[in-house]
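Take a look at the structure below.
Number of protein chains: 2
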Amino acid sequence: MGLDQTQWSEKEHEVVQRIRKRVIEVVGRNMELYGVTLSTGHLYGLLFFADKPMTLDEMGSEMQMSKTSMSTGVRTLLDLNMVNKVWEKGSRKDLYEVEYDWYQTFTDYFANEWRRAVESNLQALRRAMKEIDRLLESPDTSEFVADVLKKDREKIRQADSYYRWLDRLIDTMEDGAIFDLVPREAE
Amino acid sequence: MGLDQTQWSEKEHEVVQRIRKRVIEVVGRNMELYGVTLSTGHLYGLLFFADKPMTLDEMGSEMQMSKTSMSTGVRTLLDLNMVNKVWEKGSRKDLYEVEYDWYQTFTDYFANEWRRAVESNLQALRRAMKEIDRLLESPDTSEFVADVLKKDREKIRQADSYYRWLDRLIDTMEDGAIFDLVPREAE
DNA sequence: AACTTTGTACAGTTTTTTCTGTACGAACTT
DNA sequence: AAGTTCGTACAGAAAAAACTGTACAAAGTT
Chain A
126 MGLDQTQWSE KEHEVVQRIR KRVIEVVGRN MELYGVTLST GHLYGLLFFA DKPMTLDEMG
186 SEMQMSKTSM STGVRTLLDL NMVNKVWEKG SRKDLYEVEY DWYQTFTDYF ANEWRRAVES
246 NLQALRRAMK EIDRLLESPD TSEFVADVLK KDREKIRQAD SYYRWLDRLI DTMEDGAIFD
306 LVPREAE
Chain B
126 MGLDQTQWSE KEHEVVQRIR KRVIEVVGRN MELYGVTLST GHLYGLLFFA DKPMTLDEMG
186 SEMQMSKTSM STGVRTLLDL NMVNKVWEKG SRKDLYEVEY DWYQTFTDYF ANEWRRAVES
246 NLQALRRAMK EIDRLLESPD TSEFVADVLK KDREKIRQAD SYYRWLDRLI DTMEDGAIFD
306 LVPREAE
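Going down the list, the sequences are from chains A and B. Under the numbering used here, think of the first position of the first sequence as 126, with each following residue one higher. Under the numbering used here, think of the first position of the second sequence as 126, with each following residue one higher.
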């Protein structure tokens, strides 16, 4: 697994691999929560245990998959800030390693993915709210429709309130305040 | 959309639908973050604006999809606690309505989905850690392998620390303490 | 300048997921 | 008891996603 195998026997290698494989399996599977494929999750696991940054070719050979897949997998992980591109003198190839700070990984995920969703939802809700208000003020709007609109408006208002809260929660992730609220443990 | 259309004109209906549709579109799309299909997201949006609990048949007719799909979609949303089954006297059909408390929806999601992932990851990490310790104590383990194992162990220890933190964060969602830490707004 | 090596775009294939129609058991009605 | 109605299991069709091989541009080497 990216290790210089001349220094250890096949048997020793097997033992270490067995342990790693089980962890990779579980971690990879649960990474579907982050919206990544099982295979991308495995790729992450592979990089997690790699003792040095890996190239696309190395990953492909370890995963028994095409370099193209490694390329797209790595890009997905890069987009999620779960993997970093690493520069190494003398190598023409791109090298990648996992972001080992999982606290960072988690908060980045929220700061990016969830923020995007919250913003777009808020925007849609506000546009709708504005349009409803416009209709409610219009004399052409019948009493009956006005009642319907008011109900919709109230629902939207509640959703808006929730999203504002979520936005603030994401703020605490982004600026690290979450770690004051829910402290990391003493190491 | 589940409304008694005798009370309003086609034109009025159109206007309301146009507003709703745009919100449903966006909310549905962003629900992919919760790991649900776009169409299930739309179903949720439909129920969100419904002015009364809906039956599978009504959903199917609104969504122009089979009742079977509604059945599975609703079950997905039920599993996520995003939709509730509602009892209504005199109706033999099952009725469903969205959970309008989105704070609850969000925290439930974490309490369920993320907790499951955290627990299974923690278990896997701890098993691996135990096995590594066992090997490290064994006299058969070469110096070289021991070094590799120690590196793995340290990585696992860090991940374990992160998951314990995440577990505590999820606790705050589950018991509502998160709303003391990041308060809801005054309504 | 010709030749390698590297990463990725893209088209086509394979695999997976989603969706539908049929069938059937459960529960209610007559 | 026969007849409805309802929800869902299941098999197959349709759609979407993942994966691969080829091709090529960019950048380095000779």
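Even glycine gets a Cβ: it sits at the ideal position worked out from N, Cα and C. As the structure is a prediction and not an experimental result, all values here were calculated from the model.
Legend entry - Beta-carbon proximity of Leu181 of chain B to Asp219 of chain B, cut-off 8 Å: Working through the second sequence from its first residue, we reach residue 181 of chain B at position 56. Working through the second sequence from its first residue, we reach residue 219 of chain B at position 94. Yes, the pair counts as a contact, with Cβ atoms nearer than the cut-off.
Legend entry - Residue interval of the alpha helix (DSSP H) (run including Val151 of chain B): To locate residue 151 of chain B, count along the second sequence from 1; it is residue 26. Residue range Glu135 to Asn155 is occupied by the alpha helix (DSSP H) that includes Val151 of chain B.
Legend entry - Where Lys276 of chain B sits in the DSSP three-state scheme: Within the second sequence, residue 276 of chain B is the residue found at index 151, counting from 1. Here DSSP, grouped into helix, strand and coil, assigns Lys276 of chain B to helix.
Legend entry - Coarse secondary structure for Tyr287 of chain A, derived from DSSP in three states: The residue given as residue 287 of chain A occupies position 162 in the first sequence. Tyr287 of chain A carries a helical assignment under DSSP once its states are collapsed to helix, strand and coil.
Inset, instruction - In angstroms with no decimal places, state the Cα-to-Cα distance between Lys177 of chain B and Asp204 of chain A. - result: In the second sequence, the residue the question calls residue 177 of chain B occupies position 52. In the first sequence, the residue the question calls residue 204 of chain A occupies position 79. Straight-line Cα distance between these residues: approximately 41 Å.
Inset, instruction - Report yes if the C-beta of Glu268 of chain A is less than 7 Å from at least one heavy atom of the ligand SAH; otherwise report no. - result: Only the bare structure without any ligand can be found here, which leaves the ligand SAH out of the picture.
Legend entry - Proximal residues of chain B, C-beta to C-beta of Thr297 of chain A below 9 Å: Numbered from its first residue, the first sequence carries residue 297 of chain A at position 172. In chain order: Leu306 and Val307.
Legend entry - Option in B:Gln189, B:Glu238, B:Ser164 and B:Glu279 with minimal Cα separation from Asp258 of chain B: The residue labelled residue 258 of chain B in the question sits at position 133 within the second sequence. Per the Cα distances, B:Glu279.
Inset, instruction - Report the residues of the segment 225 to 248 of chain A with a CB closer than 9 Å to any CB of chain B, ordered along the chain. - result: Only those residues of the segment 225 to 248 of chain A whose C-beta falls short of 9 Å from the nearest C-beta of chain B are listed: Tyr225, Asp226, Trp227, Tyr228, Thr230, Phe231, Glu238, Trp239, Arg241, Ala242, Val243, Ser245, Asn246 and Gln248.
Inset, instruction - Could you tell me if Thr197 of chain A is buried or exposed, where buried requires 16 or more neighbouring beta carbons within 10 angstroms of its beta carbon? - result: Taking the first sequence and counting its residues from 1, one reaches residue 197 of chain A at position 72. Thr197 of chain A counts as exposed, since fewer than 16 other beta carbons sit within 10 angstroms of its beta carbon.
Legend entry - Continuous alpha helix (DSSP H) stretch holding Val199 of chain B: start and end: By 1-based counting over the second sequence, the position of residue 199 of chain B is 74. Looking at the DSSP string, the run of the alpha helix (DSSP H) that includes Val199 of chain B is Lys192 to Asp204.
Inset, instruction - Could you tell me which chain B residues have their CB closer than 7 Å to the CB of Tyr287 of chain A, listed as they occur along the chain? - result: Residue numbering aside, residue 287 of chain A sits at position 162 when the first sequence is read from its first letter. Ordered by position in chain B, the residues that pass the 7 Å Cβ test against Tyr287 of chain A are Trp227 and Tyr228.
Inset, instruction - Return the chain-ordered list of same chain residues with a C-beta closer than 8 Å to the C-beta of Gly127 of chain A, the five sequence neighbours on each side being excluded. - result: The sequence position of residue 127 of chain A within the first sequence is 2, counting from 1. Caution applies to Gly127 of chain A, whose pLDDT of 46 falls short of 50 and renders its modelled position unreliable; the model cannot decide the point.
Inset, instruction - Express the C-alpha separation of Lys136 of chain A and Gln189 of chain A in angstroms, rounding to a whole number. - result: Counting from 1 along the first sequence, the entry for residue 189 of chain A is found at position 64. Counting from 1 along the first sequence, the entry for residue 136 of chain A is found at position 11. Those two C-alpha atoms are separated by around 21 Å.
Inset, instruction - Give the residues from the segment 272 to 285 of chain B that approach chain A closer than 8 Å (Cβ to any Cβ), ordered along the chain. - result: From the segment 272 to 285 of chain B, only Val273, Leu274, Lys276, Asp277, Lys280, Ile281, Gln283 and Ala284 have a Cβ closer than 8 Å to chain A.
Legend entry - Residues of the segment 256 to 267 of chain A whose Cβ lies closer than 9 Å to any Cβ of chain B, in chain order: Of all residues in the segment 256 to 267 of chain A, the ones placed with a Cβ closer than 9 Å to any Cβ belonging to chain B are Glu256, Ile257, Leu260, Thr266 and Ser267, in chain order.
Legend entry - Burial state of Val208 of chain B, where buried means 16 or more other Cβ atoms lie within 10 Å: In the second sequence, counting from the first residue as 1, residue 208 of chain B sits at position 83. Per the 10 Å Cβ criterion, buried.
Legend entry - Contacts of Gln132 of chain A in chain B (Cβ-Cβ under 8 Å): Position 7 of the first sequence holds residue 132 of chain A. Result: Phe269.
Legend entry - CB contact flag (Glu224 of chain B, Arg289 of chain A, <8 Å): Sequence index remark: in the second sequence, residue 224 of chain B carries index 99 (1-based). Sequence index remark: in the first sequence, residue 289 of chain A carries index 164 (1-based). No. Outside cutoff.
Inset, instruction - Within the same chain, show all residues whose beta-carbon is closer than 7 Å to that of Phe235 of chain B, passing over the 5 residues directly before and after it, in chain order. - result: Position 110 of the second sequence, counted from the first residue, corresponds to residue 235 of chain B. Same-chain partners within the cutoff: Ile295 and Met298.
Inset, instruction - Step through the CB atoms of chain B and report whether any lies within less than 8 Å of the CB of Trp212 of chain A. - result: Here residue 212 of chain A refers to the residue found at position 87 of the first sequence. Look at Trp212 of chain A: its C-beta is not under 8 Å from any C-beta on chain B.
Inset, instruction - Reducing DSSP to helix, strand and coil, say where Glu268 of chain A ends up. - result: Reading the first sequence from its first residue, position 143 is the one you call residue 268 of chain A. In the structure shown, Glu268 of chain A adopts helical secondary structure according to DSSP, grouped into three states.
Inset, instruction - Could you tell me whether the Cβ atoms of Val323 of chain B and Val270 of chain A are closer together than 8 Å? - result: What is shown of chain B runs 126 to 312, which leaves residue 323 of chain B out entirely.
Inset, instruction - Tell whether a beta-carbon distance below 8 Å holds between Asp277 of chain B and Arg145 of chain A. - result: For the purposes of this step, residue 277 of chain B is taken as the residue at position 152 of the second sequence. For the purposes of this step, residue 145 of chain A is taken as the residue at position 20 of the first sequence. Yes, the pair counts as a contact, with Cβ atoms nearer than the cut-off.
Legend entry - chain A contact for Arg147 of chain B (CB, 8 Å cutoff): Working through the second sequence from its first residue, we reach residue 147 of chain B at position 22. Cβ-Cβ to chain A under 8 Å: yes for Arg147 of chain B.
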